[in-house]
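Student: The structure follows.
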Amino acid sequence: MARAERITGAGRRLWRWSRDSGTQPRLLLAGKAALAAVIAWTLAKYAPGVAAEYPYYAPLGAIVAMRTTVFAGIRAGVQTLVGITLGILIAGFTMLVGDPGVIAVALVVGLGVLVSGFRILGEGYSWVPMAALFVLLVGGGNAEGYSFAYVVQMAIGIAIGLAVNFAVVPPLHFWDAERRIDQVNGVLAQQLDDLADVLVDGEPDTGAWDRQQERLDKAIADVRDRVSTAQEARRMNPRSVLRGSRARLQTDGARFRALERVAWYTTDLTELVARSGPVAENLGRPDPAFAEPFAAALRRVACVVRGDCAEDGADEAIAELERALDASDADPSQVTVTSSAIVALRGVLESEKRATADVDTETGPSGRRA
Numbered sequence: 307m308a309r310a311e312r313i314t315g316a317g318r319r320l321w322r323w324s325r326d327s328g329t330q331p332r333l334l335l336a337g338k339a340a341l342a343a344v345i346a347w348t349l350a351k352y353a354p355g356v357a358a359e360y361p362y363y364a365p366l367g368a369i370v371a372m373r374t375t376v377f378a379g380i381r382a383g384v385q386t387l388v389g390i391t392l393g394i395l396i397a398g399f400t401m402l403v404g405d406p407g408v409i410a411v412a413l414v415v416g417l418g419v420l421v422s423g424f425r426i427l428g429e430g431y432s433w434v435p436m437a438a439l440f441v442l443l444v445g446g447g448n449a450e451g452y453s454f455a456y457v458v459q460m461a462i463g464i465a466i467g468l469a470v471n472f473a474v475v476p477p478l479h480f481w482d483a484e485r486r487i488d489q490v491n492g493v494l495a496q497q498l499d500d501l502a503d504v505l506v507d508g509e510p511d512t513g514a515w516d517r518q519q520e521r522l523d524k525a526i527a528d529v530r531d532r533v534s535t536a537q538e539a540r541r542m543n544p545r546s547v548l549r550g551s552r553a554r555l556q557t558d559g560a561r562f563r564a565l566e567r568v569a570w571y572t573t574d575l576t577e578l579v580a581r582s583g584p585v586a587e588n589l590g591r592p593d594p595a596f597a598e599p600f601a602a603a604l605r606r607v608a609c610v611v612r613g614d615c616a617e618d619g620a621d622e623a624i625a626e627l628e629r630a631l632d633a634s635d636a637d638p639s640q641v642t643v644t645s646s647a648i649v650a651l652r653g654v655l656e657s658e659k660r661a662t663a664d665v666d667t668e669t670g671p672s673g674r675r676a
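Mapped onto my numbering, the consecutive letters of the sequence shown carry residue numbers 307 to 676.
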């Protein structure tokens, strides 16, 4: 029995690791790509006319269409076919110069790179010069047949890749976005706790705070990408009709908007309390007389951001700091710093409350682990 429990526990830990590390969706995507490539390679021999002589382009097309979302695969497939078509047209124009040679190669590559600069081509930009060069050098005297085969086989592969991606568990990516929101909320909460320690214990390491802010900025950008992917994943996805998927997406969007606001206010607090930036140099630092209620307010707000506490306690802690400020006769510059910090703390708390009111959820850990 004990051995079975150890095996079961190890299996659960492995499952959680594969999910948290992103291994599960990558394995699924890899398996679907392999399946699509095999199907495309098998069917490529039945392509019409001369296209059957170039079956290797079909698996390539399947790979092109295999993206993390169904909609991204459609976009990549269409853009790729447009890029290839433009490359074929450029090669056809270049062949008017004569047989392939130095001038023709230079011209086809130059025109291809020039045309590929249009942003509307998206992922198809790199295919323009490549297709043009292939048609010129590989197609040679059979450029028309080769061009036809190139487009047809790529289209077959793209169609098969899209079909497989659509039919075999197309992911919605909610878990990935929610996990990263939870993680960054934890980072923000820890930063607020660290600011409280700075107020109580003494001078900060400004270099360390700069590095921490840089890491936080990158984490916010990463979360933005993941939330965007989750939103895109519902488009053209048969699983988007599942019960609760729309509400879950709205929840994640509200949590991310709150996360961005909390990050902005936390940066402001960091500038006021722990860095030697322009704000701190111009206004000074908070009066030590406010250190204890200020630190208490920071820790209470951090607890709310982490998702472990209700907003009421943080409201009271901030009110206590406001009362201490009202009763103080400190230097005006120090009062100004503390007042600015109170505004930022209120901003963090209101961001949490707004998300709760909008979607009936906290912006801390979501509680979803499925």
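For each residue, glycine too, the CB sits at the ideal point set by N, CA and C. Given the structure is predicted, the values throughout are model-derived calculations rather than measurements.
Express the C-alpha separation of Leu468 and Phe480 in angstroms, rounding to a whole number.
Tutor: Whole-angstrom Cα-Cα distance: 21 Å.
Student: Taking the alpha carbon of Leu395 as the reference point, which residue from Glu450, Leu578 and Arg486 has its own alpha carbon closest?
Tutor: Among Glu450, Leu578 and Arg486, the Cα nearest to that of Leu395 belongs to Glu450.
Student: What is the residue span of the alpha helix (DSSP H) that Arg605 lies within?
Tutor: Its alpha helix (DSSP H) spans residues Ala597 to Arg612.
Student: Of the residues Val457, Trp515 and Ala650, which one's Cα is nearest the Cα of Val388?
Tutor: Among Val457, Trp515 and Ala650, the Cα nearest to that of Val388 belongs to Val457.
Student: Which of helix, strand or coil does DSSP assign to Ala397?
Tutor: Helix, per DSSP.
Student: Whole angstroms is fine: what's the gap from Val568's alpha carbon to Val490's?
Tutor: Taking the straight line joining both Cα atoms gives about 10 Å.
Student: Whose CA, out of Ala525, Val610 and Gln385, lies closest to the CA of Ala483?
Tutor: The candidate whose alpha carbon is nearest that of Ala483 is Ala525.
Student: Could you give the first and the last residue of the continuous alpha helix (DSSP H) run that contains Met372?
Tutor: From DSSP, Met372 is part of no alpha helix (DSSP H); its letter is neither H nor E.
Student: Going by beta carbon distance, what residues of the same chain come within less than 8 Å of Tyr363, once the five residues before and after it are set aside?
Tutor: Taken in chain order, the residues that qualify are Ala350, Ala455, Tyr456, Gln459, Met460 and Gly463.
Student: Since Asn471 contacts Ala560 with CB under 8 Å, what's their CB separation in whole angstroms?
Tutor: The Cβ separation is near 29 Å, so there is no contact.
Student: Our contact map puts Ala608 next to Ala495 with C-beta atoms below 8 Å; I'd like the distance itself, whole angstroms only.
Tutor: With a Cβ gap of about 4 Å, Ala608 and Ala495 count as contacting.
Student: Are Val403 and Gly418 touching if we call contact CB-CB under 8 Å?
Tutor: Not a contact, by the Cβ cut-off of 8 Å.
Student: Label Pro544 either buried or exposed according to how many other C-beta atoms from any shown protein chain fall within 10 Å of its C-beta, with 16 as the threshold for buried.
Tutor: Under this definition Pro544 is an exposed residue.
Student: Quick one: give me the first and last residue of the alpha helix (DSSP H) that Ala502 is part of.
Tutor: From DSSP, the alpha helix (DSSP H) with Ala502 extends over Phe480 to Asp507.
Student: Just the Cα atoms here: how many angstroms apart are Ile487 and Trp347?
Tutor: Distance between the alpha carbons of Ile487 and Trp347: 41 Å.
Student: Are Ala397 and Ala358 touching if we call contact CB-CB under 8 Å?
Tutor: No, these two residues do not count as a Cβ contact at 8 Å.
Student: Looking only at C-alpha atoms, which of Tyr352, Ile390 and Met542 sits nearest to Gly379?
Tutor: Among Tyr352, Ile390 and Met542, the Cα nearest to that of Gly379 belongs to Met542.
Student: Could you tell me whether the Cβ atoms of Ala650 and Leu604 are closer together than 8 Å?
Tutor: Contact: no.
Student: For the candidate residues Leu334, Arg612, Asp503 and Gly407, whose alpha-carbon lies nearest to that of Arg373?
Tutor: Nearest option by C-alpha distance: Leu334.
Student: Determine the closest residue to Ala343 out of Phe596, Ala368, Arg532 and Thr391, with distance taken between C-alpha atoms.
Tutor: When only C-alpha atoms are compared, the closest one is Ala368.
Student: Could you tell me the boundaries of the alpha helix (DSSP H) in which Leu427 lies?
Tutor: That residue, Leu427, is in no alpha helix (DSSP H); it is neither H nor E in DSSP.
Student: What residues in its chain sit with their C-beta under 7 Å from that of Glu628, if we drop five residues either side in the sequence?
Tutor: Ile648, listed in sequence order.
Student: Taking the continuous alpha helix (DSSP H) assigned at Ser534, which residues delimit it?
Tutor: Residues Thr512 to Ala539.
Student: Can you tell me whether Pro354 is helix, strand or coil according to DSSP?
Tutor: It is coil, neither helix nor strand.
Student: Pick out whichever of Val421, Ser422 and Thr400 has its Cα sitting closest to the Cα of Ala412.
Tutor: Ranking Val421, Ser422 and Thr400 by Cα distance to Ala412 puts Thr400 first.
Student: Suppose you measure from the CA of Asp503 to the CA of Gln556; what does that come to, to the nearest Å?
Tutor: Straight-line Cα distance between these residues: approximately 36 Å.
Student: How many Å lie between Phe377 and Thr642 at the Cα?
Tutor: Each residue's Cα considered, the two are about 51 Å apart.
Student: In this structure, how does DSSP classify Met436 when only helix, strand and coil are distinguished?
Tutor: Helix at Met436.
Student: Please report how far the alpha carbon of Val474 lies from the alpha carbon of Ala564, in whole angstroms.
Tutor: Computed Cα separation, rounded: 34 Å.
Student: Could you name the residues of the same chain whose beta carbon sits closer than 8 Å to that of Ser645, not counting the 5 residues immediately before and after it, in chain order?
Tutor: Around Ser645: Leu631.
Student: Is it the case that the Cβ atoms of Ser432 and Val441 are separated by a distance below 8 Å?
Tutor: No. Outside cutoff.
Student: Output needed for Val493: all residues of its chain with C-beta closer than 7 Å, excluding positions within five of it in sequence on either side, in chain order.
Tutor: Here the set comprises Leu522 and Ala525.
Student: Consult DSSP for Asn543 and reduce its assignment to one of helix, strand or coil.
Tutor: Asn543 falls in the coil class under three-state DSSP.
Student: What are the boundary residues of the alpha helix (DSSP H) that includes Ala410?
Tutor: First-last of the alpha helix (DSSP H) with Ala410: Val408 to Val421.
Student: State the DSSP-derived secondary structure class of Val388, mapped to helix, strand or coil.
Tutor: Looking at Val388 - three-state DSSP - the assignment turns out to be helix.
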